[in-house]
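Residue numbers (the numbering used here): -19 to 262.
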């Protein structure tokens, strides 16, 4: 029979500021620590350690944007008790190997479909907020394009359409294009996007590979706004967009920036679901 885990939260953005309170309100013993604010004994009693997404931005230190000093990932690994869970987002293979050497279970919550589906709503709301502030026209009269029609792109497109925008969805696969048509969207293939985009007021990219390239950007009107929601290696040629004076907004990690309490709860629920599932322990 599994016991209720003791949880340690390390680093992260505003989402992680809420997580200690979320866990304790549900009856879990949880603590958020900062570099220099912990003792080795703090680690011994914990069963679950939650790291940010991405775990690290420099492959050396844990991602701690709200802390005043770094926390070396290797130092963190040395403090871990055996047979615990280390949950985080976007682990590298090197990080996984170091953790496995400590006989711990590695759980990458960023790869969970359930988290991606839940995160799509705060991401879409964040995109809408950016567009309202960045575009010279109302959403109700705007011509918007969403590149990619997966978990995130489809929710963004549907919410834009519900607000009266004229939405075109650009995708590669027949399955995604068919889903967009079923949802009442205009569609085009990404390969032909440059022929369709001269009148767009906004393009929202959700594809983490180059799709808004020089050919597309050169076809845009100067007042078009590009919003990049994808993670590295990104889908927008930022240099070309800047050279042509196109307003391009990098909007990664939107849930953590615009809805941190909701986004923090999503991570908490995802980690707990893994802990209590048959995929971990008995």
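Think of the CB as a built atom: it goes at the ideal place given N, C-alpha and C, for glycine as much as any other residue.
Note that the structure is a prediction, hence the values are computed from the model and not measured.
Asked                                                                                                                                                                                 : Found
Determine the DSSP secondary structure at residue 78, reduced to helix, strand or coil.                                                                                               : helix
Check residue 68 in the structure and name its three-state DSSP category.                                                                                                             : strand
What is the DSSP secondary structure of residue 163, reduced to helix, strand or coil?                                                                                                : coil
State the DSSP-derived secondary structure class of residue 91, mapped to helix, strand or coil.                                                                                      : helix
Is it buried or exposed for residue 20, if we count other Cβ within 10 angstroms and need 16 for buried?                                                                              : exposed
So what does residue 204 bridge to, in DSSP terms?                                                                                                                                    : Answer is none; residue 204 lacks a bridge partner.
Please state whether DSSP places residue 146 in a helix, a strand or coil.                                                                                                            : strand
Out of curiosity, what's the CA-to-CA distance linking residue 254 and residue 150?                                                                                                   : 34 Å
Where do the ends of the alpha helix (DSSP H) carrying residue 122 lie?                                                                                                               : Per DSSP, residue 122 belongs to no alpha helix (DSSP H) and is neither H nor E.
So for residue -12, helix, strand or coil by DSSP?                                                                                                                                    : strand
Excluding the 5 residues preceding and the 5 following residue -2 in the sequence, name in chain order all residues of the same chain whose CB lies nearer than 8 Å to its CB.        : 240, 241, 244, 245
Is it the case that the Cβ atoms of residue 202 and residue 174 are separated by a distance below 8 Å?                                                                                : no
Just verifying my parser: in three-state terms, what is the DSSP assignment at residue 152?                                                                                           : coil
Can you give, in chain order, each stretch of the alpha helix (DSSP H) that sits fully within the stretch 172 to 221 and has at least 4 residues?                                     : 194 to 197
Residue 231 lies in the beta strand (DSSP E); which residues open and close that run?                                                                                                 : Note, residue 231: premise wrong, no beta strand (DSSP E); not H, not E.
CA-CA distance, residue -8 and residue 45?                                                                                                                                            : 6 Å
Using alpha carbons as the reference points, say which of 228, 181, 114 lies closest to residue 146.                                                                                  : 181
Going by beta-carbon coordinates alone, are residue 136 and residue 152 separated by less than 8 Å?                                                                                   : no
Across which residues does DSSP place residue 41 in a beta bridge pair?                                                                                                               : 52
Can you give the Cα-Cα distance for residue 160 and residue 96, rounded to whole angstroms?                                                                                           : 19 Å
What does the Cβ neighbour count give for residue 230, buried or exposed, with the cut at 16 atoms within 10 Å?                                                                       : exposed
Does the stretch 118 to 129 come into contact with the stretch 79 to 99, if we say contact requires no fewer than three beta-carbon pairs (one atom in each stretch) closer than 8 Å? : no
Starting from residue 245 and walking both ways along the alpha helix (DSSP H), at which residues does that stretch end?                                                              : 240 to 256
With distances taken from CA atoms, which of 16, 27, 52, -6 is nearest residue -17?                                                                                                   : 27
Between the stretch 217 to 232 and the stretch 48 to 61, do at least 3 Cβ pairs fall closer than 8 Å?                                                                                 : no
Report the partner residues of residue 12 according to the DSSP bridge assignment.                                                                                                    : -11
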